[in-house]
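Undergrad:
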Amino acid sequence: MHEIAIADAVIEQVQGEVRRAGASGQVTRVALVVGRLSGVNPDSLRFALDLLAKGTMLESARIEIVGQNAFCRCAACGDRAEIDDLEARCRQCGSSDVAIEGGRDLLLESIELEEC
Amino acid sequence: MKIVAAKKILKANDQLAAENRASFDAAGVFAVNLVGSPGCGKTTLLEALFGQAGLAGRLAPAVIEGDIAGSIDAQRMDAIGVPVVQINTEGACHLDASMIAAAASDLLGEEGARGRGLGTGDRGPGARDQGLGIGNEERGATPMAGSSSLAPSPQPLAPSPSSPATRLLVIENVGNLVCTAGFDLGERLRIVVLSVSEGDDKLVKYPAIFQSSHALVVTKIDLLPHTNFRVQRVADDMKRLAPAAPVFQVSALRGEGIPALADWLLHRAAAR
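Protein chains in written order, with the working numbering: chain A, 1 to 116; chain B, 1001 to 1272.
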């Protein structure tokens, strides 16, 4: 979806975290978690970050994106299966009494920087 | 050095949205985020609800219109006497909570929007423009120029202490079934609109927006005889994605189904 807006938020948040830590310098690595159900495409996010990072402290940062799996847990038969999209029906027994677990997060995990 | 953040991206938006929600609650404002693709009939639905169904007389509505460009929708609200602020996102595919904070402060008055007190909204046009400009120069939120309904409001949205009536604020989002799903605006209700002409497969293709909505309104049902749209399929898919969300079928042009939706909105606003 709106990966440009997400990238913009990532850059602002990284800058804020660095400021809050009382640090400065160039960011060398940013670790992100992108849930499989978050609607964010990791490749598009990387592309947007490349574009927007120019001239910021993230300019030469390596962006690492880790996926976060999603599961569908069935209240009827107890099955828990990994899913790739929002499906709210149990694959085992067909019940729609299911809960989706995980896969929705968009997280800024950690930042590494070379202080000047 | 390594900084462990482990924080949500878009936390800034979520925080602002929470502030909006608190402000709306404090001012007795019931906010609805109306989403759907371009041309699905969001504005026509509002015209039917406020006009024919008489919601305007019962909930004193105000509208924030989000569009990439232009003020066509705002003009339509203005024409039926509903206070409106137009936000032009200038390319952005969705509204975010900061845009709403700026636009709502214009509609509700600074005090009402911040929930500090129950504002009178009695500010001159100059103050309004200024208020809108804050932090929003690039997004170009503009009130309807010269609109009489935006002059110091005869019906201020923020209620006076003696009239605790709930006011309805409808935020008509940018036409988009994808990006709008990710941005909480501070609404109490998210209503997704799907028109018959878009086809009955949209819930499967864009599940996030439907799953995060509190109601689905199927519009243009007068076109059903001319299409292969299956209302039952849509209802089944919605039950799977959002089991608690009601599905309304309406034709805003003919007025079919509009009273039921208006009643439900009144009920939800009252139960706030």
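Note that beta-carbon positions come from the ideal geometry of N, C-alpha and C, so glycine has one too.
So that I know if they touch, is there some Cβ in chain B lying closer than 9 angstroms to that of A:Asp105?
TA: yes
Undergrad: Distance, Cα to Cα, B:Ile1221 vs B:Glu1256?
TA: 8 angstroms
Undergrad: Which of the residues in the segment 1214-1229 of chain B, read from start to end, lie with their CB under 9 angstroms from any CB of chain A?
TA: none
Undergrad: Drop a sphere of 10 angstroms on the beta-carbon of B:Gln1130, count the other beta-carbons inside from all chains shown, and report buried for 16 or more, exposed for fewer.
TA: Because B:Gln1130 sits at a pLDDT of 29, beneath the cut-off of 50, its placement in the model cannot be relied upon, and the point is left open.
Undergrad: Below 8 angstroms, how does it come out for the segment 1207-1227 of chain B and the segment 1060-1072 of chain B: are there three or more Cβ pairs, yes or no?
TA: The segment 1207-1227 of chain B and the segment 1060-1072 of chain B do not touch, with fewer than 3 CB-CB distances between them shorter than 8 angstroms.
Undergrad: Comparing alpha-carbon positions, which option in B:Ile1068, B:Phe1030 and B:Arg1076 lies nearest B:Glu1047?
TA: Checking every option, the nearest Cα to that of B:Glu1047 belongs to B:Arg1076.
Undergrad: Do B:Asn1033 and B:Leu1203 have their C-beta atoms within less than 9 angstroms of each other?
TA: no
Undergrad: Cβ of B:Gly1112 less than 9 angstroms from any chain A Cβ?
TA: Confidence at B:Gly1112 is low in this model, with a pLDDT of 45, below 50, so the placement of that residue should be treated as unreliable; the coordinate-derived value is given next. By this cut-off, B:Gly1112 is not an interface position.
Undergrad: In whole angstroms, what is the alpha-carbon distance linking A:Ile111 and A:Arg20?
TA: 12 angstroms
Undergrad: Straight-line CA distance for B:Gly1028 to A:Val34?
TA: 37 angstroms
Undergrad: For the beta strand (DSSP E) holding A:Glu117, just list the boundary residues, first then last.
TA: Because chain A here runs from 1 to 116, residue 117 of chain A falls outside it and cannot be looked at.
Undergrad: List the residues of chain B that A:Val10 touches, going by C-beta distances under 7 angstroms, in chain order.
TA: Ile1009
Undergrad: Near A:Thr28, which residues of its chain fall below 8 angstroms by C-beta distance, leaving aside the five closest residues on each side in sequence?
TA: Ser60, Ala61, Arg62, Glu112, Leu113 and Glu114
Undergrad: Would you call the CB atoms of B:Ala1103 and B:Val1085 closer than 9 angstroms?
TA: yes
Undergrad: I need the boundaries of the beta strand (DSSP E) containing B:Ser1197, first residue and last residue.
TA: Element bounds for B:Ser1197: n/a, residue is neither H nor E.
Undergrad: Taking the alpha-carbon of B:Phe1050 as reference, which of B:Leu1223, B:Ala1069, B:Ala1242 and B:Leu1168 has the nearest alpha-carbon?
TA: From the listed residues B:Leu1223, B:Ala1069, B:Ala1242 and B:Leu1168, the smallest Cα separation to B:Phe1050 is found for B:Leu1168.
Undergrad: Which residues, in order along the segment 72-91 of chain A, keep a beta-carbon less than 9 angstroms from a beta-carbon of chain B?
TA: Asp85, Leu86, Glu87, Ala88 and Arg89
Undergrad: To which residues of the same chain is B:Ala1242 closer than 7 angstroms at the C-beta, ignoring the five residues directly before and after it?
TA: Only residues of its own chain outside the window of five on either side were considered, and among them Phe1210, Gln1211 and Ser1213 have a CB closer than 7 angstroms to the CB of B:Ala1242, listed in chain order.
Undergrad: In its own chain, which residues sit with a C-beta less than 8 angstroms from the C-beta of B:Met1238, not counting the 5 before and 5 after it?
TA: If we look at B:Met1238 and ignore the five residues flanking it on each side, its Cβ neighbours are Leu1203, Phe1210, Leu1216, Ala1245 and Val1247.
Undergrad: Is it the case that the Cβ atoms of B:Phe1030 and B:Ala1097 are separated by a distance below 9 angstroms?
TA: Annotated as distal: B:Phe1030 and B:Ala1097, with beta-carbon spacing of 9 angstroms or more.
Undergrad: Relative to the C-alpha of A:Cys72, which candidate in A:Cys93, A:Arg89 and A:Leu58 has its C-alpha closest?
TA: A:Arg89
Undergrad: Restricting to runs no shorter than 4 residues, where is the alpha helix (DSSP H) found entirely within the segment 1070-1097 of chain B?
TA: 1072-1079
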